[in-house]
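The opening position of the sequence shown corresponds to residue 24 in the working numbering, with each subsequent residue numbered one higher.
This report concerns only the one structure given below.
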Amino acid sequence: MGVIGGKVGCLGRRVLFLFARWLVRRSGFDGVRGVGARLARLHYALGRSTRRACLEGIAALKGRAPDDPEVAKILREAYRVNTIAVLEVLSMVDRRLDTASLYRHCRVDGLEHLAAARQGRGAILLATHSGNSLLLAAQLADSGIPVTVVYRKARMMSQEFFASGLPRYGIDGIMANEGFKAYARMVDALRHNRVVFAMMDQGVRDAETGVPLRFLGKDMPMPGGVVQLARSARAPILPVVSLAADPVWHFAIEPPLALLPGGSIAEDTAEVLRHVESQILARPELWSWHHRRWKKFPVAGT
């Protein structure tokens with residue numbers, strides 16, 4: 024029964040992906056915001072267990088009750104922002120977005136920090152699940168900066184989807200699912216003065232592969248790969264901050280993080296994630312609270 028259930032679930036996700044791709048093709052990139060907002064309202068209304076878990080987690084962080092209107096307001100907006108982001112990414116990867124639209128839909132500040140950090144070496148841009156940052160990566164690639172995006176293949180889509188879609192923007196993709204092979208490619212990219220675009224704001228599936236930390240009020244195994252990558256390639260980590268979703272996406276590249284010398288992987292990972300956490304809490308309505316991992320862990324101390 025478990026095998027049958029798994030196959031049915033996989034088929035359902037595949038059907039959902041094909042439907043989403045049909046939607047974005049029908050609406051076009053400029054129409055995705057309206058479609059995404061409507062789907063987000065539906066997702067919020069129907070996903071009772073996910074909604075409840077997210078409300079409880081946000082409420083604990085804010086020191087409020089789960090039924091506080093302010094907590095619900097944050098989560099509703101997070102659903103809207105990130106449903107739009109997912110559909111926009113799907114649209115961009117499926118069919119190339121024209122260059123003018125790349126810049127019209129996204130504002131990027133702090134490019135001088137990236138330029139200063141890339142003096143003969145690669146750099147890591149550390150983003151979060153807060154909006155469509157693929158627009159940022161595509162702008163960098165369009166400006167002539169060699170960009171490598173680390174992504175994780177979802178079970179609903181084919182392996183070729185991102186592998187064939189990212190090069191349309193001059194972006195090299197690395198599928199994180201490939202484990203050590205992917206890590207070796209990331210190190211090589213940094214040693215060839217490329218910008219590696221990565222995230223580490225969600226827990227890992229297998230506890231033994233992560234660093235046990237408290238993140239956004241929950242004790243969970245977090246990925247330490249970005250810190251290990253920075254050490255191996257001696258590359259700086261520059262945070263990418265999500266500032267706004269409207270009227271266009273607005274991101275800022277911050278100066279490199281200053282990690283204390285002599286720290287362990289666990290200590291440095293904790294320090295990096297403290298910075299990431301502060302970014303998210305500054306604008307909680309932009310982060311994807313309903314992403315597949317964070318929501319599954321209980322609030323610490325409960």
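Quick reminder that beta carbons are idealized off the backbone N, C-alpha and C, glycines included.
query                                                                                                                     : result
Nonlocal neighbours in the same chain, by C-beta distance under 7 angstroms from A323, ignoring five residues either side : R237, G240, K241 and D242
Paired residues, beta bridge with W272 - DSSP                                                                             : C129
Where A88 falls, given that 16 or more other Cβ within 10 Å makes a residue buried                                        : exposed
Closest residue to G193 among E308, Q162 and R103 (Cα-Cα distance)                                                        : Q162
Those residues which DSSP pairs with A146 across a bridge                                                                 : V218
Inter-residue spacing [alpha-carbon to alpha-carbon] between H152 and A305                                                : 14 angstroms
Touch test, the segment 111 to 129 against the segment 46 to 60, Cβ-Cβ under 8 angstroms, three pairs minimum             : yes
S153 - DSSP class collapsed to helix/strand/coil                                                                          : coil
Range covered by the alpha helix (DSSP H) that runs through P92                                                           : P92 to D117
Heavy atom of the ligand SAM within 7 angstroms of H215 beta-carbon                                                       : The ligand content of the structure shown is nil, which means the ligand SAM is not present either.
Whole-angstrom C-beta distance between E100 and E308, which should lie under 8 angstroms                                  : 4 angstroms
Counted within 10 angstroms of its Cβ, other Cβ atoms place G25 as buried (16 or more) or exposed                         : Caution is warranted here: a pLDDT of 47 is assigned to G25, below 50, making its placement in the model unreliable, and the coordinate value is therefore given only provisionally. Its Cβ having fewer than 16 others within 10 Å, G25 is exposed.
Host alpha helix (DSSP H) of R61 (start-end)                                                                              : V55 to L69
Uninterrupted beta strand (DSSP E) stretches inside the segment 264 to 312 (no shorter than 3 residues)                   : 272 to 276
As assigned by DSSP and simplified to three states, the class of F1                                                       : Residue 1 is absent from the structure shown; the chain starts at 24 and stops at 325.
Beta-bridge partners of P262, as assigned by DSSP                                                                         : L149
The beta strand (DSSP E) enclosing G196, as first and last residue numbers                                                : I194 to M198
DSSP-derived helix/strand/coil call for P244                                                                              : strand
G233 versus R214, Q142, Y174 and P246, residue with shortest Cα-Cα distance                                               : P246
Straight-line gap, A140 to H66 (C-alpha atoms, nearest Å)                                                                 : 41 angstroms
Local conformation of V322 per DSSP, three classes                                                                        : coil
Residues sharing a beta bridge with T171, DSSP                                                                            : D195 and V219
C-alpha gap between G29 and R37, whole angstroms                                                                          : The pLDDT assigned to G29 is 44, lower than 50, so where the model puts this residue is not dependable; a value taken from the coordinates is nonetheless given after this. One C-alpha to the other measures close to 12 angstroms.
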